[in-house]
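Undergrad:
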């Protein structure tokens, strides 16, 4: 995105990979919930989240050791002008789908058109900024852009490539479960049991096994993904040896409950993998499209009433720090206190449209850690009164006598979210607010979140060191009304839109960082989410046969636990 890639054109393998890692072995991973689709590229249905990483490829691949650098994958080479108004890819001559058919320029053009017309809404942002996709040679495809957006040249290299022969004149968006999209990745879906298990087998004829970007990766012969009703059942299955690895998010549980016999024998290893990626945002999100959460004072009252210090101590032993902003724990995080420098230059012209305390500096409340949280409750009460809510008979109500009551939507398989919700519900009752906790199965939860059919719900948004075009899908005004988008809170702000534009058009790293820090300020001061705790280290428990390289990348264990650089060895 900025400057030159860290690796030379003739690099042998990625720096955090063991290039001669042995191939073999079988592992089992666990997911909660279920699945009713094996097509991860459409809006309909729920598919195993790991599938696109294992079974499909794009023209370029991302290095987890650099904030935003791509290297050749299906594309052998890439060319673009200084202004990045177009990008041209030359396909690798050996690129092939798992059935042995060649990946062609026709497949690339078809994939871009198919995803734009029938794919998941996350593909629409790029599609709307492409002027043309054309074949310029036997293995060459040129993509021209209609907007000035320097990230588009990279995004164009990250779209999954599908088979034209499989999907031409077929129903892609509503394909049956048995119709598995054909990919060019290292693994294929070799079998599945609807809703319960998917088996991925390493393709022995995988075309890219020896290209530099893939050397030493995807080493397991088989990866099984088993599905469990909730996290506690999954953990018991891991203890019983039915799952090979789990990623633990609770520090107290990591310290106290990972002492079962397999750990004491050394059959299970507890690995801690540090990273430098942003905290992202995890918490309860409020739907600002609906009353009462269309009023920032009510949203701030909800944050004040959330006794983080007490909840954190109760559920994690106080071992995990709180998320303080969307990009906290990274160089992109907003600075505390009053705005200054380039960030001030970007925000000051929008002074009249900024959420309260954006320029002065907004910070989350800190309680004394006691269960009652008197200061937070008093502050919440004052904010609610300012917004027109009172509790004359112990029931918070507006001037029309309508009670302040809402529903918190959570997924059935999340015991941790339920535990937090129960503690929060008790705090709100002291304010005279009734919060109903509604627990639904994973399919219904996804459907309702996609339709923005909730008042408050759980929220998890991973963010990277290279935020770009996806920010429009996360918090852009257009996405606020686009069902299926990630803008669950309903942010519709000209300030946010302008800052995203600045991020995308930045010509240097300083301008880019200032724009992200400004965006971080505006989103945080918008009070859309009640933040939980962050994870500064990846805590992964795994069978001793699973090994990983000593050299760790900038992103630690990747965007999620993706064992693409791990291998199996009994010694």
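Residue numbers (my numbering): 2 to 572. Yeah, the Cβ is synthetic: ideal placement off N, Cα and C, and Gly gets one too. The structure presented is a predicted model; accordingly, all values stated were derived computationally and were not measured.
Going by beta-carbon coordinates alone, are residue 197 and residue 228 separated by less than 8 Å?
TA: Translated into positions along the chain shown, residue 197 becomes position 196. Translated into positions along the chain shown, residue 228 becomes position 227. Yes; because the gap between Cβ atoms is below 8 Å, this pair is in contact.
Undergrad: Beta-carbon within less than 8 Å of residue 304's beta-carbon, same chain only, minus the 5 sequence neighbours each way: which residues are those?
TA: Here residue 304 corresponds to residue number 303 of the chain shown, with the count starting at 1. So the list reads 365, 366, 528 and 531, once near-sequence residues are dropped.
Undergrad: Can you look up residue 55 in the DSSP assignment and give me helix, strand or coil?
TA: As a working mapping, residue 55 is identified with position 54 in the chain shown. DSSP places residue 55 in helix when its eight states are reduced to three.
Undergrad: Which residue from 445, 487, 29 and 451 puts its Cα closest to that of residue 202?
TA: Here residue 202 is taken as the residue at index 201 of the chain shown, counted from 1. When each option's Cα is compared against that of residue 202, the closest is 29.
Undergrad: Go to residue 85, then tell me how far its alpha helix (DSSP H) extends in each direction, as first and last residue.
TA: As a first step, residue 85 must be located in the chain shown, where it is residue number 84. That residue, residue 85, is in no alpha helix (DSSP H); it is neither H nor E in DSSP.
Undergrad: My understanding is that residue 457 touches residue 407, with C-beta atoms under 8 Å, so please give their C-beta distance in whole angstroms.
TA: Along the chain shown, one-based indexing puts residue 457 at 456. Along the chain shown, one-based indexing puts residue 407 at 406. Contact holds; Cβ gap of about 6 Å.
Undergrad: Taking one C-beta from the region 76-96 and one from the region 257-264 each time, how about it: are there three or more such pairs within less than 8 Å?
TA: Output reads no: the region 257-264 does not touch the region 76-96.
Undergrad: Between residue 220 and residue 53, is the Cβ-Cβ spacing less than 8 Å?
TA: Taking the chain shown and counting its residues from 1, one reaches residue 220 at position 219. Taking the chain shown and counting its residues from 1, one reaches residue 53 at position 52. Result no, Cβ atoms of residue 220 and residue 53 do not sit closer than 8 Å.
Undergrad: So, using beta-carbon positions, are residue 272 and residue 541 closer together than 8 Å?
TA: Counting from 1 along the chain shown, the entry for residue 272 is found at position 271. Counting from 1 along the chain shown, the entry for residue 541 is found at position 540. Cβ atoms of residue 272 and residue 541: closer than 8 Å.
Undergrad: State the Cα-Cα distance for the pair residue 312 and residue 472, rounded to the nearest angstrom.
TA: Working through the chain shown from its first residue, we reach residue 312 at position 311. Working through the chain shown from its first residue, we reach residue 472 at position 471. Spanning the two alpha carbons is a distance of roughly 30 Å.
Undergrad: Return the residue from the list 41, 251 and 47 that minimises the CA-CA distance to residue 446.
TA: Residue numbering aside, residue 446 sits at position 445 when the chain shown is read from its first letter. Of the candidates 41, 251 and 47, the one whose C-alpha sits nearest the C-alpha of residue 446 is 47.
Undergrad: Curious, which full-length alpha helix (DSSP H) runs of at least 4 residues does the region 451-531 contain?
TA: 471-476, 478-481, 495-506 and 510-526, all fully within the region 451-531.
Undergrad: In the region 232-282, which residue ranges form an unbroken beta strand (DSSP E) of at least 3 residues, counting only runs that do not cross its ends?
TA: Whole beta strand (DSSP E) segments, 3+ residues: 246-249 and 269-275.
Undergrad: Would you give the residue range spanned by the alpha helix (DSSP H) that residue 112 belongs to?
TA: To locate residue 112, count along the chain shown from 1; it is residue 111. Element bounds for residue 112: 106-119.
Undergrad: Is the CB-CB distance between residue 485 and residue 161 below 8 Å?
TA: To locate residue 485, count along the chain shown from 1; it is residue 484. To locate residue 161, count along the chain shown from 1; it is residue 160. Not in contact: residue 485 and residue 161 (Cβ atoms no closer than 8 Å).
Undergrad: What would DSSP say about residue 343, mapped onto helix, strand or coil?
TA: Position 342 of the chain shown, counting from 1, holds the residue named residue 343. Here residue 343 sits in helix by DSSP.
Undergrad: Could you give the first and the last residue of the continuous beta strand (DSSP E) run that contains residue 199?
TA: Taking the chain shown and counting its residues from 1, the one referred to as residue 199 is at position 198. Where residue 199 is concerned, the enclosing beta strand (DSSP E) stretches over 198-203.
Undergrad: Alpha carbon to alpha carbon, how far is residue 544 from residue 402? Give it in angstroms, no decimals.
TA: By one-based count along the chain shown, residue 402 stands at place 401. By one-based count along the chain shown, residue 544 stands at place 543. When rounded, the distance between both Cα atoms is 59 Å.
Undergrad: Tell me which same chain residues have a C-beta within less than 7 Å of the C-beta of residue 496, skipping the five on either side of it?
TA: Taking the chain shown and counting its residues from 1, the one referred to as residue 496 is at position 495. Cβ neighbours of residue 496 beyond the five flanking positions: 351, 354, 355 and 523.
Undergrad: Any chance the region 132-151 sits against the region 9-20, with 3 or more Cβ pairs inside 8 Å?
TA: With a cut-off of 8 Å, the region 9-20 and the region 132-151 do not count as touching, because too few Cβ pairs lie within range.
Undergrad: Roughly how many angstroms separate the alpha carbons of residue 224 and residue 40, rounded to a whole number?
TA: Translated into positions along the chain shown, residue 224 becomes position 223. Translated into positions along the chain shown, residue 40 becomes position 39. Approximately 18 Å between the Cα atoms of the pair.
Undergrad: Go through its chain and collect everything with a Cβ distance to residue 467's Cβ below 8 Å, but skip five positions before and after it.
TA: Working through the chain shown from its first residue, we reach residue 467 at position 466. Excluding residues within five positions, the ones whose Cβ falls inside 8 Å are 2, 68 and 69.
Undergrad: Let me check understanding here. Comparing Cα to Cα, which of 306, 274 and 252 lies closest to residue 435?
TA: Translated into positions along the chain shown, residue 435 becomes position 434. Closest option to residue 435, Cα to Cα, is 306.
Undergrad: Since residue 143 is in the beta strand (DSSP E), which residue starts that stretch and which ends it?
TA: Within the chain shown, residue 143 is the residue found at index 142, counting from 1. It spans 141-146 - the beta strand (DSSP E) in which residue 143 sits, taken as one unbroken run.
Undergrad: Quick one, are the C-beta atoms of residue 182 and residue 42 less than 8 Å apart?
TA: As a working mapping, residue 182 is identified with position 181 in the chain shown. As a working mapping, residue 42 is identified with position 41 in the chain shown. Contact flag set, yes.
Undergrad: Would the beta-carbon of residue 280 fall within 8 Å of that of residue 416?
TA: Here residue 280 corresponds to residue number 279 of the chain shown, with the count starting at 1. Here residue 416 corresponds to residue number 415 of the chain shown, with the count starting at 1. Going by C-beta atoms, residue 280 is not nearer than 8 Å to residue 416.
Undergrad: How about residue 131 and residue 146: are their beta carbons less than 8 Å apart?
TA: Here residue 131 corresponds to residue number 130 of the chain shown, with the count starting at 1. Here residue 146 corresponds to residue number 145 of the chain shown, with the count starting at 1. For residue 131 and residue 146, yes; Cβs fall inside 8 Å.
Undergrad: May I ask you to list the residues that DSSP assigns as paired with residue 541?
TA: Here the question's residue 541 lines up with position 540 in the chain shown. Paired residue(s): 248 and 272.
Undergrad: Report the three-state DSSP secondary structure of residue 566 (helix, strand or coil).
TA: Stepping through the chain shown from its first residue, residue 566 is reached at position 565. Three-state DSSP puts residue 566 in a helix.
Undergrad: Around the Cβ of residue 169, are there at least 16 other Cβ atoms within 10 angstroms (buried) or fewer (exposed)?
TA: Residue mapping note: residue 169 aligns to position 168 of the chain shown, counting from 1. So residue 169 ends up on the exposed side.
Undergrad: So what does DSSP say about residue 312, is it helix, strand or coil?
TA: By 1-based counting over the chain shown, the position of residue 312 is 311. Residue 312 falls in the helix class under three-state DSSP.
Undergrad: Among 430, 338 and 519, which has the Cα closest to the Cα of residue 373?
TA: For the purposes of this step, residue 373 is taken as residue 372 along the chain shown, with counting starting at 1. With distances taken between Cα atoms, residue 373 lies closest to 430.
Undergrad: Let's see if you can read the secondary structure: which residues bound the alpha helix (DSSP H) around residue 384?
TA: In the chain shown, the residue the question calls residue 384 occupies position 383. Element bounds for residue 384: 375-387.
Undergrad: Can you tell me whether DSSP reads residue 304 as helix, strand or coil?
TA: The residue you call residue 304 lines up with position 303 of the chain shown. Correct three-state label for residue 304: helix.
Undergrad: Around the Cβ of residue 295, are there at least 16 other Cβ atoms within 10 angstroms (buried) or fewer (exposed)?
TA: Against the chain shown, residue 295 aligns to sequence position 294. The residue is exposed, with fewer than 16 neighbouring Cβ atoms inside 10 Å.
Undergrad: For residue 319, which three-state DSSP category applies?
TA: Start at 1 with the first residue of the chain shown, and residue 319 comes out as number 318. In the structure shown, residue 319 sits in coil (DSSP, three-state: anything other than H, G, I, E or B).
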